[in-house]
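Heads up: the sequence lines are chains A and B, in that order.
Residue numbering for the first sequence follows the numbering used here, beginning at 1 and increasing consecutively.
Residue numbering for the second sequence follows the numbering used here, beginning at 1 and increasing consecutively.
Read through the structure below, which is laid out as structure tokens, and then see the notes.
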Amino acid sequence: AQSVTQPDIHITVSEGASLELRCNYSYGATPYLFWYVQSPGQGLQLLLKYFSGDTLVQGIKGFEAEFKRSQSSFNLRKPSVHWSDAAEYFCAVGGGNAGNMLTFGGGTRLMVKP
Amino acid sequence: DAGITQSPRHKVTETGTPVTLRCHQTENHRYMYWYRQDPGHGLRLIHYSYGVKDTDKGEVSDGYSVSRSKTEDFLLTLESATSSQTSVYFCAITRTLTEWGYTFGSGTRLTVV
């Protein structure tokens, strides 16, 4: 069975500081990995994805994530956080299952201090 | 943006009544999904569809049924709503994961009183 753990439920960072959100997954084969962002009252927007190749992937809004197979991790990073980045972030894993199903982590809520 | 709409956006219903939520897409994607979002649980899969009249259960399917009679519409029915089904429901679509992952609808906030 596939699963995703996001160890940090809440994170608060100061504007301009760097950010790392953690994601650990369990998957029996090569995973497809995703990060989504959800602003309050909104749907989910794709930030970035990893399928294969370069383990450092770039996404929208200045985010990047690094796939580390040995650690079963796919952590999200941003060098300098903006107040508009305050939102909830979800990591998801999927892959070769017949239904293209994604399993999501519990989410990390990011707050940004001025 | 991909064409995916959910209706209604908000609904309050009484315990024991049937409720149907609709997801409509204009992208002709094969796969459609219903998730529920609850604090601390992220998104959990209720049911999904891999084609017209082809559906299967997800992680939290008890108390829910689905139907897909046309490519563009995926209906989620709560046969007899309970307070534990108060949640935000999201529909998602994809052609294949390797394209853009899922595209999500804006969600339906359902309150069962």
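Think of the CB as a built atom: it goes at the ideal place given N, C-alpha and C, for glycine as much as any other residue.
- About 21 Å separates the CB atoms of A:Pro-79 and A:Ser-39; that is not less than 8 Å, and the two are not in contact.
- Along the segment 30 to 63 of chain A, the beta strand (DSSP E) occurs as fully enclosed runs of 3 or more residues at 32 to 38, 44 to 50 and 56 to 58, listed in sequence order.
- The residue from A:Leu-102, A:Ser-52, A:His-10 and A:Ala-87 with its alpha-carbon nearest to that of A:Val-4 is A:Leu-102.
- With the criterion set as a beta carbon lying under 8 Å from some beta carbon of chain B, the members of the segment 49 to 71 of chain A are Lys-49 and Phe-51, in sequence order.
- Within the same chain, and ignoring the five residues on either side of A:Tyr-50 in sequence, the residues whose Cβ sits closer than 6 Å to its Cβ are Leu-33, Val-57 and Phe-67.
- The C-beta of A:Met-111 has fewer than 16 other C-beta atoms within 10 Å across all chains shown, which makes the residue exposed.
- The Cβ atoms of B:Gln-25 and B:Gly-3 sit closer than 8 Å to each other.
- The segment 60 to 68 of chain B makes contact with the segment 36 to 51 of chain B, as at least three CB pairs between them are under 8 Å.
- Beta-bridge partners of A:Ala-92 (DSSP): A:Phe-34 and A:Phe-104.
- In the three-state reduction of the DSSP assignment, A:Gln-6 falls in the coil class.
- Judged by DSSP secondary structure, B:Glu-99 falls within the alpha helix (DSSP H) whose first and last residues are 97 to 100.
- For a cut-off of 8 Å, the C-beta gap from A:Leu-76 to A:Phe-63 is around 6 Å, short enough to register as a contact.
- According to DSSP, B:Gln-6 shares a beta bridge with B:Cys-23.
- By the C-beta density criterion, A:Ile-60 is exposed, having fewer than 16 other C-beta atoms within 10 angstroms.
- Three or more beta-carbon pairs separated by less than 8 Å link the segment 86 to 93 of chain B to the segment 13 to 32 of chain B, which places the two stretches in contact.
- Ranked by Cα distance from B:Arg-9, the first of A:Ala-87, A:Ala-65 and A:Gln-42 is A:Gln-42.
- The three-state secondary structure of A:Arg-22, taken from DSSP, is coil.
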